[in-house]
Every structure is written in C-alpha cells, then in structure tokens.
Amino acid sequence: DIAAMVTPSWTSKLPPNLGEASHGKLNADQWRTLGSAYLPASLIRRWGNVSNDTSASKRRRRLLDITMSLFSAISIATAHSASKSQADLYLRHLQAYVDGVKELFPDYQFKPNHHVAFHTAKYLCMYGPVHSWWTFLFERMIGALQRIPTNNKYCRTTFNLLKFSLTDTLF
56 DIAAMVTPSW TSKLPPNLGE ASHGKLNADQ WRTLGSAYLP ASLIRRWGNV
106 SNDTSASKRR RRLLDITMSL FSAISIATAH SASKSQADLY LRHLQAYVDG
156 VKELFPDYQF KPNHHVAFHT AKYLCMYGPV HSWWTFLFER MIGALQRIPT
206 NNKYCRTTFN LLKFSLTDTL F
C-alpha cells in the first residue's frame, strides 16, 4: 500500500522497505505520517468492507474502529488550532480507544503514556495547539546524538562534545 499511495508533497517520505530490519528506525515525523495517512487508508481498505459475519470479521472491524479512534484523537491533538470543544472531542476518541483495547485485549497492561495522554486535553486548553509546546526539537537532537559514532568510548565522545559546544559558545 505504501509504494502505491499518492500523498501530498509536504508529507514525510517513508522508507520503501518499511517493516524490514534494513530500514532502521522511523523518526517522529515519519510515525506521524504513517499514523495520519498510510495506516488509516490501508486499514480501511483491508478491514472496512467486510461482507461476511464471522467472529474474525467482527473482531477486525472492531479493531479498525478503535484504531480509527486513536488516529482521530492524534489528529485532533496535533491540529494547528485548539479549543475546549476540540479537547472534549479528543477525550471522547481517546476514551473510545482505551475502552476498545480493554474489550479486545483484556490482559493488556496499559503504559504510563496512556495515562499521560488523558492530560493532553487539559494542556490543549491551557497552552493551545500541541505544535507550540511539543518536543520534536529534542527528539531530533537525540537522534543526531545517536548517529554520532562513539566506538564504545563514551568518555572521550562526551569530552569532545563538551569541548566543541564550549568552543562555539565562548568564541
């Protein structure tokens, strides 16, 4: 689906070999593009028009519904505007997602991120659109640091990074 999908020019490109070990890690923007464009379209195409009434078909349809609730919550949270009504809609989609996961996967252990996600609605009302306060800058910096070859000599690398940053700051 990814290779055949036509997307706007402003979306991040995904590796053509997504899912294989050779493609490496996705960055935060690629995850956003995957979740906001590619996955919804692919899942709707594969699971949306189920004509038979088997339990497996019903389960896939329910999984599609809760996944779309998650995608909707993310889309609302990352919009370039924020209001009380959007925050309320975000919470409804997030709650539908969590309730669906509990229903389909009763043994699933929710992570702290799930709890924190419920606070996002409050932050949307307090601080405005997420793009004005999220941490992509720090994620990019961490990614850049992870690409620095250390040769497992961490003290030397730390010293060099400190030396270069101080040199740039002082001179």
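Numbering of the sequence shown is given in our numbering, commencing with residue 56 and proceeding in unit increments. From the three backbone atoms N, C-alpha and C, an ideal C-beta is built for every residue, glycine too.
DSSP places V61 outside any alpha helix (DSSP H), giving it a letter other than H or E.
By the beta-carbon neighbour count (other beta carbons within 10 angstroms, threshold 16), T109 is exposed. Positions of the alpha helix (DSSP H) runs, each at least 4 residues long and wholly inside the region 140 to 197, are given as 167 to 182 in order along the chain. Here the C-alpha atom of L146 lies approximately 21 angstroms from the C-alpha atom of A92. T88 sits in a helix when the DSSP states are folded into three classes. In the structure shown, D120 adopts helical secondary structure according to DSSP, grouped into three states. If the five residues before and after D143 are omitted, its C-beta is found closer than 8 angstroms to the C-beta atoms of A176, all from its own chain and listed in chain order. Excluding its 5 nearest sequence neighbours in each direction, D162 has no C-beta neighbour in its own chain below 8 angstroms. Taking a cut-off of 8 angstroms on C-beta distances, the region 124 to 132 does not touch the region 76 to 83, as fewer than three cross pairs fall below it.
The C-alpha of L159 lies about 20 angstroms from the C-alpha of G90. Assigned with DSSP and collapsed to three states, R202 falls in coil, not helix or strand.
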